[in-house]
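Participant: Sharing a structure here in C-alpha cells format.
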Amino acid sequence: MTSPARFDITGITLREYRSIARCTVRLRPLNLLVGPNGSGKSNFVDSLRFVSQSLNENLDNALRDRGGVSEVRRRSTGHPRHFGIGLTFRCADFSGEYHFRVGAAKGGDYRVTHESCRVAWHDGRPDSFFNVAGGEVLEASVQVAPRALDDRLYLVAMSGLEPFRPVFDGLTGMNVYNVNPESMREPQKPDPGELLRRDGANVASVLEAMRRANPARKLVVEEFLQRIVPGIVSVDRKAVGAWESLDFRQEVAGADAPWQFQASSISDGTMRALGVLVALFAVDDGSPFASPVAIEEPETALHPAAAGYLLDALQEASHTRQVIATTHSPELLDSPELDPRSLISVRA
Ligand SMILES: Nc1ncnc2c1ncn2[C@@H]1O[C@H](COP(=O)(O)OP(=O)(O)O)[C@@H](O)[C@H]1O
Ligand SMILES: [Mg+2]
Numbered sequence: 004m005t006s007p008a009r010f011d012i013t014g015i016t017l018r019e020y021r022s023i024a025r026c027t028v029r030l031r032p033l034n035l036l037v038g039p040n041g042s043g044k045s046n047f048v049d050s051l052r053f054v055s056q057s058l059n060e061n062l063d064n065a066l067r068d069r070g071g072v073s074e075v076r077r078r079s080t081g082h083p084r085h086f087g088i089g090l091t092f093r094c095a096d097f098s099g100e101y102h103f104r105v106g107a108a109k110g111g112d113y114r115v116t117h118e119s120c121r122v123a124w125h126d127g128r129p130d131s132f133f134n135v136a137g138g139e140v141l142e143a144s145v146q147v148a149p150r151a152l153d154d155r156l157y158l159v160a161m162s163g164l165e166p167f168r169p170v171f172d173g174l175t176g177m178n179v180y181n182v183n184p185e186s187m188r189e190p191q192k193p194d195p196g197e198l199l200r201r202d203g204a205n206v207a208s209v210l211e212a213m214r215r216a217n218p219a220r221k222l223v224v225e226e227f228l229q230r231i232v233p234g235i236v237s238v239d240r241k242a243v244g245a246w247e248s249l250d251f252r253q254e255v256a257g258a259d260a261p262w263q264f265q266a267s268s269i270s271d272g273t274m275r276a277l278g279v280l281v282a283l284f285a286v287d288d289g290s291p292f293a294s295p296v297a298i299e300e301p302e303t304a305l306h307p308a309a310a311g312y313l314l315d316a317l318q319e320a321s322h323t324r325q326v327i328a329t330t331h332s333p334e335l336l337d338s339p340e341l342d343p344r345s346l347i348s349v350r351a
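Note that the working numbering has the sequence shown beginning at 4, numbered continuously upward.
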C-alpha cells in the first residue's frame, strides 16, 4: 500500500483576518502556537480551515459559518474592507503559492477582489498559474480558462483542469480539529470513517476504518493512548442497534482480565486524547495527499505528566503530515525534546 504524499504549508500570510492585522509565518513539519488567551491562535489556524472550507464547500458557507464577512474581516477604527489569505505550499512533485482577497460590499455582501495561484513543477515543466481580479481572468497558463465569478473562488473551477487539481486536493485536505468529548460520547450514525469530523463525533467509524485498512496505524493510536492514560488496552467500535459507539478495554487493579467500559464511562481527558490521536494518525488512503492537520489545545483535560507522551505523538505524526497545534501547556513547551524552531509565539 502506498501512503499519500505529504503536502505541507510552508508559509501563511494573513491580512485583516479576524483579529490578525497582518502576519507572515513560516511553518515547519511540527508547529506549536503559544500565546495569551485572545491573542489570535485560533484565528490563525482558522485561516487554514477557511481555505479548505471555501474550496470544499464554497466561500458563502465559509463566511456564513463565521458570522458573515463583517465578522471575518478585522474590525478596527480604520475599517479595512478586505481580508486576505496567502499560503505557500510544497510537496514532492511541486511547490507554489495561492492567495486571495475578499472585499466586503454593502449589506453583508462580498466579492473576491483578487485571486492568484502559481504551481512550480519540480520536474522542470513550465509553471501553471492564474491571476484573477474582480471576476476577470487576467492571465492563466491554460488554453481555455473557465469563466471567473467574483462570489466564488476561481481555484474551484480550475480544479477541473489537471495542473491545478493537486493544489486543490492538498488544500481541501487540510483539517482543523477542536475535539469535544461530549460529541465523541454520543451514539453515532455509522459513516465511511475516511475523515474524522472536526469535533471527533464520528470517531467510532474512523477507528473501525483504521482497523480494517491499516491495523498498524490503529495500534499506534492505542499505544500512545496507553502511555497517556495508563491501563487502557484497546478501543474499538461497538455496534448499538443501527448506531455505533466505543468500547474501551482497561486494566483494573486486582482484575485478571481488562474490564470493558462504554464511552459514557470514559473520562474527558481519555476521550480527548483519543480524539487527538485519531486526528493525528488517521490518514485517508483514498486521498492523494496527507495534508496538514491542526489541533486546538490538544493538552486540554490531560494530566501534565502526559504532556511528554503527547509531544511524542505530535512529533511522530509530523513525520507523515504537517502538524500545527495551539497550546497553553508549559509542560509541552518545556519539554527538552522540543525543537525550539517549532514554537511560534502569538501576540495580539
Ligand atoms: N473580525 C474580528 N476583528 C477583530 N477582532 C476579532 C475579530 N474576530 C475575532 N476577533 C477577536 O479575536 C479574539 C480571539 O482570538 P482567538 O484566536 O480565539 O484567541 P486564542 O489565542 O485564545 O485562540 C477575540 O478577542 C476577538 O475579539
Ligand atoms: Mg483559542
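Cβ coordinates follow ideal geometry from the N, Cα and C atoms, glycine included. Computed from a predicted structure; not experimentally measured.
Once DSSP output is grouped into helix, strand and coil, what is the label at Ser267?
Facilitator: Three-state result, Ser267: helix.
Participant: Under 6 Å Cβ to Cβ from Met274, same chain only, skipping five residues before and after it: list those, please.
Facilitator: Closer than 6 Å at the Cβ level, and outside the excluded window around Met274, lie Pro184 and Met187.
Participant: Would you say the segment 16-25 touches the segment 313-328, given that touching needs at least three Cβ pairs under 8 Å?
Facilitator: In short, these stretches do not touch, since the Cβ pair count stays below three.
Participant: Can you name the residues that DSSP bridges to Ser355?
Facilitator: One cannot answer for residue 355 here, as it falls past the ends of the chain, which runs 4 to 351.
Participant: Looking at the structure shown, is Arg188 part of a helix, part of a strand, or coil, going by DSSP?
Facilitator: Arg188 falls in the helix class under three-state DSSP.
Participant: Identify every residue that forms a DSSP beta bridge with Gly106.
Facilitator: His85 and Arg114.
Participant: Contact between the segment 72-89 and the segment 209-219: three or more CB pairs below 8 Å?
Facilitator: No, the segment 72-89 does not touch the segment 209-219.
Participant: Check each candidate in Trp124, Asp96 and Phe103 and name the one with the smallest Cα separation from Gly138.
Facilitator: Closest option to Gly138, Cα to Cα, is Phe103.
Participant: Applying the 10 Å Cβ sphere with the 16-neighbour rule, what's the burial state of Gly196?
Facilitator: Gly196 should be labelled buried.
Participant: If we ignore side chains and look at the alpha-carbon of each, how far apart do Asp63 and Asp153 end up?
Facilitator: Rounded to the nearest angstrom, the two C-alpha atoms are 12 Å apart.
Participant: Asn181 to Leu335, Cα distance in whole Å?
Facilitator: Computed Cα separation, rounded: 18 Å.
Participant: Pairing CB atoms from the segment 293-303 with CB atoms from the segment 251-259, are three or more of them under 8 Å?
Facilitator: The segment 293-303 is not in contact with the segment 251-259.
Participant: Per DSSP, which residues does Val145 bridge with? Please list them.
Facilitator: Per DSSP, none; premise fails for Val145.
Participant: Beta carbon of Ser57: closer than 7 Å to some heavy atom of ligand 2?
Facilitator: Not so, every heavy atom of ligand 2 lies at least 7 Å from the Cβ.
Participant: For Thr330, which of helix, strand or coil comes out of DSSP?
Facilitator: DSSP places Thr330 in strand when its eight states are reduced to three.
Participant: Helix, strand or coil: how does DSSP classify Leu341 here?
Facilitator: Three-state result, Leu341: coil.
Participant: To the nearest angstrom, how far is it from the Cα of Ser57 to the Cα of Pro343?
Facilitator: If you take the alpha carbons of Ser57 and Pro343, they lie about 33 Å apart.
Participant: Out of Phe133, Gly110 and Gly111, point me to the one whose CA is closest to His117's CA.
Facilitator: Of the candidates Phe133, Gly110 and Gly111, the one whose C-alpha sits nearest the C-alpha of His117 is Phe133.
Participant: If you follow the alpha helix (DSSP H) that Thr27 is part of, which residue opens it and which one closes it?
Facilitator: That residue, Thr27, is in no alpha helix (DSSP H); its beta strand (DSSP E) goes Ile23 to Arg29.
Participant: Using 8 Å as the threshold, is the C-beta distance between Leu249 and Val238 below it?
Facilitator: A contact, by the Cβ cut-off of 8 Å.
Participant: Measuring only from the beta carbon, is Ser45 closer than 7 Å to any heavy atom that is part of ligand 2?
Facilitator: Yes, since a heavy atom of ligand 2 falls inside the 7 Å radius drawn around the Cβ of Ser45.
Participant: Which partner residues of Thr16 appear in the DSSP bridge assignment?
Facilitator: Bridge partners of Thr16: Thr27 and Gly89.
Participant: Would you mind working out which of Val145, Gly278 and Ile15 sits nearest Val54, comparing C-alpha positions?
Facilitator: Residue Ile15 is the option with its Cα nearest to Val54.
Participant: Quick one: does the C-beta of Asn40 sit closer than 7 Å to a heavy atom of ligand 1?
Facilitator: The answer is yes for Asn40.
Participant: Just checking my contact of Ile327 with Ala276 at CB under 8 Å: how many whole Å lie between their CB atoms?
Facilitator: In fact, because the Cβ distance is near 18 Å, the residues do not count as touching under 8 Å.
Participant: Does the segment 114-128 touch the segment 92-100, meaning 3 or more C-beta pairs lie closer than 8 Å?
Facilitator: As far as the Cβ criterion goes, the segment 92-100 touches the segment 114-128, which means the pair count is three or higher.
Participant: Between Pro7, Tyr113 and Ala351, which lies nearest to Gly176 when the distance is taken from Cα to Cα?
Facilitator: When only C-alpha atoms are compared, the closest one is Pro7.
Participant: Measuring CA to CA, which of Gly106, Leu36, Val140 and Gln263 is closest to Gly234?
Facilitator: Among Gly106, Leu36, Val140 and Gln263, the Cα nearest to that of Gly234 belongs to Gln263.
Participant: What does the alpha-carbon distance come out to for the pair Arg201 and Ser131?
Facilitator: Straight-line Cα distance between these residues: approximately 32 Å.
Participant: Does the distance between the C-beta of Arg21 and the nearest non-hydrogen atom of ligand 1 fall short of 7 Å?
Facilitator: At least one heavy atom of ligand 1 is nearer than 7 Å to the Cβ of Arg21, so yes.
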